[in-house]
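Protein chains in written order, with this note's numbering: chain D, 386 to 646; chain A, 915 to 1155; chain G, 79 to 390. Beta carbons: idealized from backbone N, C-alpha and C, even for Gly.
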Amino acid sequence: MIDRDMAPLLQVSDLSRHYGGQVGCEDVSFELYPGEVLGVVGESGSGKTTLLKCIAGLLPPSAGTVSFDTRVDGPRDIYAMSEPERRMLMRTDWGIVFQNPREGLRMNVSAGANVGERLMAVGARNYGEIRGNAVDWLTKVEMDLGRIDHLPETFSGGMQQRLQIARNLVTQPRLVFMDEPTSGLDVSVQARLLDLIRGLVRQLGIACVVVTHDLGVVRLLSHRLMVMRGGRVVEHGLTDQVLDDPQHPYTQLLVSSILPV
Amino acid sequence: MTQPSQTSDVEEMIQVEGLSKGFTLHNQGGIRIPVLENVSFTVKRGECVVLAGASGSGKSTLLRSIHANYLAEAGSILVRHDETWVDLVGAPPHLVLDIRERTLGHVSQFLRVIPRIGALDLVAQPLLTRGFDETAAQRRAEEMLERLAIPRALWALPPATFSGGEQQRVNIAMTFARDYPILLLDEPTASLDAGNRQAVIDLIVEARDRGVAIVGIFHDAFVRDAVGTRTYTVDSARKAA
Amino acid sequence: MDGTPNAATPETLAGYNFAYLDEQTKRMIRRATLKAVAIPGYQVPFGSREMPLPYGWGTGGIQVTASIIGVEDTLKVIDQGADDTTNAVNIRRFFAKTAGVATTEKTAEASIIQTRHRIPEEPLRADQIIVYQVPQPEPLRFIEPREAETRKMHALSEYGIMHVGLYEEIAHFGRITQGYNYPVQVDDRYIMAPSPIPKFDNPKMDHMPALQLFGAGREKRIYAVPPHTKVKSLDFEDHPFTIESWEQTCALCGSEESYLDEVITDDRGSRLFVCSDSDYCRTRRDAGHEGSGLPVPAEPDTTASEPAGESS
């Protein structure tokens, strides 16, 4: 559960990103506590992916700061860190699950090696232990262990996403970013993946930022919800409160647009 | 965190003060529907306050506002959380979640199912974060499902395919398995037959007699009489306006 | 290493600068080489020139040799350990004609040894330089095709990926199968491709008294290992680096220690195991060592004896 006695894990202040004259995202501020899951919703072009890239260290913001509570030095502005420090952080204490598994996986090495890579990157040099960890994590994401030496290329979309999750969680990060983790998957596969993510996030107490356009995803996963439009946050609050009692005209439109099942 | 307002009574668990709530429908010409206007009442330990009022008078809205599921427009909703008073209106989300986790139980009319999780786990899992070990949580969950007459054959199955009454009983089991000091009940017996209705009544009465502060909506007069200690009538702001 | 063009002697070709390359180019290559020596294992880009032989035949090695060779030097060139292969013979002849330097097949007599695919068996000395011909200088390339990214990985010492390659081999074959171009870490810093030498030769690179220079002509990179520098072959704790070994000894000189080539001697698969280092083998034979001289029968066809149905 959310640990409110600790300092915020991530503190985003007045973050803006412009592309020339175009606004990517504008004036976004929020805090994320250990174990907390934040959903970010909005239609295509609302700036949610730009925001995710900025806070995940992939795209320097035009203005504002992103501060992460590092294990050793406490809160640090991630863009004031040196590049090696930031890359190390991204490989260890952070995870990123991409919408497109090709961005997040090495397609030309086996599933086991994909999971083991982050361990080897932080100095693991014992094959047996690396292999054991890979087996362990592939089990946790419900992969058939018979596929451990197969290339991700041969996997279904749902399996590739589960492999991405295992690959990210193996170093036990405290913060994971997810960009549309379930889009493009069959509904039944989506449900399984969501349930898996939900279970892992709760068990391991990982804080998460989940960007999606699917309100069902945030309803299930996130504690808190930010609604974005035109690069700005138009509404921000408890997930169920934002979805059941939306205040902003755009959120009301969004909520009323859900097709009933 | 807010300090106890005016006459602080150790027995009080909920203090609603001047609560107003309406809805503005921006996509329908911005019309505003007022529902609650200046509502004030308190609930003490061991009390079961029955919300009364005509259909549409705002009973559910009031209950949902106390659960912070609806955003109050004015007033305050104080709940006693860890022996301090917290105003749910304007409380930061993680604090609200913590209050819901440990203080404020809620039984809604419908079970929000989670795909792939069996009924037993659904009841047992939340107990694990509350000091129960695996076996104790399991035992407690079994006990609750048994009391609520969920057939053992269904325990391992996700409740998505259960009947309405079964889903509702799983929902009740989830909430009553945990010892919340405050319970909000929104028609907990709506789709139950007489036998199951009695099981739920027993649970509510036990909780009340243990000192749990309860606020509920009960359409069924039999249930109302069996569990209620006091009635609070919600006046429709619309009628008043 | 004077800068004057050759006065044609009976042995050298008229009209060419000493050692073929013009002096500006040699200076440029020497600067790159000095930088490479200063940063062991780091790949220094250089303006590789067109040479009168095709890429893949040693254009990188030949340019490095041309830049460091002087009139006093004695050059040895080997290809797969042998002095008498086409590539070796031609490069030796090239320098004899364009620089007029002495050439030799004796490892001990050479001051510069240019090599493709082997390090001589005889330990090298501090007054010698070995020049490796390198086809692919980037050890990270097999897994990361982007040059910008591999440079960043080198800069930040992000080398976990190298072990991913070794992991894959163990996962698929139960052991590390990489037999040549086996990646090494130089001076606890840069990961380096040792060029396609057999891993048998990797331990020779460690703390070698001779200067080691690497030239990749097509890829336009020079790198180096200074004398007495630590060179470690990558491995796992539970799968340590090992070198090849043979049950056979050299059929010609009887050596039990050298890297053996397998030569098929007839159409029934009989094989002869002989030293890959031709100078080493001859030196031993001259000193009176003798092998069996006999071919080894073909390996029994193990696949045929397996029960049908198990193999697929």
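(request) Enumerate in chain order the residues of its own chain whose CB-to-CB distance from A:A1070 is below 6 Å, with the five nearest sequence positions on each side excluded. (result) G1032
(request) Whole angstroms is fine: what's the gap from G:G393's alpha carbon to G:I342's? (result) Residue numbering for chain G in the displayed model covers 79 to 390; residue 393 of chain G lies beyond these limits and cannot be assessed.
(request) May I ask you to report which of helix, strand or coil DSSP gives G:Y337? (result) coil
(message) Please report whether the beta-carbon of D:I515 lies at a distance below 8 Å from any beta-carbon of chain G.
(response) yes
(message) Quick check on the burial criterion: 16 or more other C-beta atoms within 10 angstroms. Buried or exposed for D:Q407?
(response) exposed
(request) Please say whether A:I1128 and A:L1099 have beta carbons closer to each other than 8 Å? (result) yes
(request) Give a yes or no on whether the minimum CB-CB distance between D:D630 and chain A is below 8 Å. (result) yes
(request) Mind listing the chain D neighbours of A:L985? Cutoff is C-beta to C-beta under 8 Å, in chain order. (result) G622, Q626, D630, Q632
(request) Can you give me, in chain order, the residues of the segment 498–510 of chain D that have a beta carbon less than 9 Å from any beta carbon in chain G? (result) A498, N499, G501, E502, R503, L504, M505, A506, V507, G508, A509, R510
(request) With a cut-off of 8 Å on the beta carbons, I'd call G:F173 and G:L153 a contact; round off their distance for me. (result) 5 Å
(message) Rounded to whole angstroms, what is the Cα-Cα separation between D:R547 and D:P446?
(response) 30 Å
(request) Give, in chain order, every unbroken run of the alpha helix (DSSP H) that is at least 4 residues long and sits entirely within the segment 515–575 of chain D. (result) 542–554
(message) I need the DSSP call for D:H598, collapsed to helix, strand or coil.
(response) coil
(message) If you measure between the beta carbons of G:I300 and G:P217, is that distance less than 8 Å?
(response) no
(message) Starting from G:T152, trace the beta strand (DSSP E) in both directions and tell me its first and last residue.
(response) 152–157
(request) Quick one: which residues of the segment 456–489 of chain D get their C-beta closer than 9 Å to a C-beta of chain G? List them in chain order. (result) E468, P469, R472, M473, R476
(message) So, for G:C328: in the same chain, excluding its five sequence neighbours on each side, which residues have a beta-carbon less than 7 Å away from its beta-carbon?
(response) S336, L338, F351, V352, C353, C359, G369
(request) Indicate the three-state DSSP secondary structure (helix, strand or coil) for G:P281 in the structure shown. (result) helix
(message) Relative to the C-alpha of G:T320, which candidate in G:M286, G:P281, G:S348, G:T103 has its C-alpha closest?
(response) G:P281
(request) In angstroms with no decimal places, state the Cα-to-Cα distance between A:F955 and A:E1101. (result) 20 Å
(request) Under 7 Å between beta-carbons, which chain D residues line up against A:H940? List them in chain order, please. (result) P634, Q637
(message) Please list, in chain order, the chain B residues whose beta carbon lies closer than 8 Å to that of D:R491.
(response) Among the protein chains in the structure shown, which are D, A and G, there is no chain B.
(message) Check whether chain A comes within 8 Å of D:Y418, counting only Cβ atoms and requiring the distance to be less than that.
(response) yes
(request) Leaving aside the five residues before and after A:S974 along the sequence, list all residues of the same chain whose C-beta is less than 8 Å from its C-beta, in chain order. (result) D1100, I1131
(message) Can you look up A:M915 in the DSSP assignment and give me helix, strand or coil?
(response) The predicted model places A:M915 with a pLDDT of 47, which falls under 50 and marks its position as unreliable; any figure quoted below should be read in that light. The answer is coil: DSSP assigns A:M915 none of H, G, I, E or B.
(message) Taking only three categories from DSSP, how would you classify G:M240?
(response) helix
(request) Check the C-beta distance from G:G119 over to G:V264 and give it rounded, since I have them as a contact under 8 Å. (result) 3 Å
(message) Rounded to whole angstroms, what is the Cα-Cα separation between G:S126 and G:T103?
(response) 9 Å
(message) Helix, strand or coil, according to DSSP, for G:D357 in the structure here?
(response) helix
(message) Less than 6 Å between C-beta atoms, sequence neighbours within five positions excluded: which residues of the same chain meet that for D:V618?
(response) V413, M611
(message) Just to confirm my understanding: we take D:L600, look at its own chain, exclude 5 residues before and 5 after, and list those with CB closer than 8 Å. What are they?
(response) V426, L628, L639, V640, I643
(message) Is the separation between the beta-carbon of D:A663 and that of G:Y245 shorter than 8 Å?
(response) There is no way to answer for residue 663 of chain D, as the model of chain D reaches only from 386 to 646.
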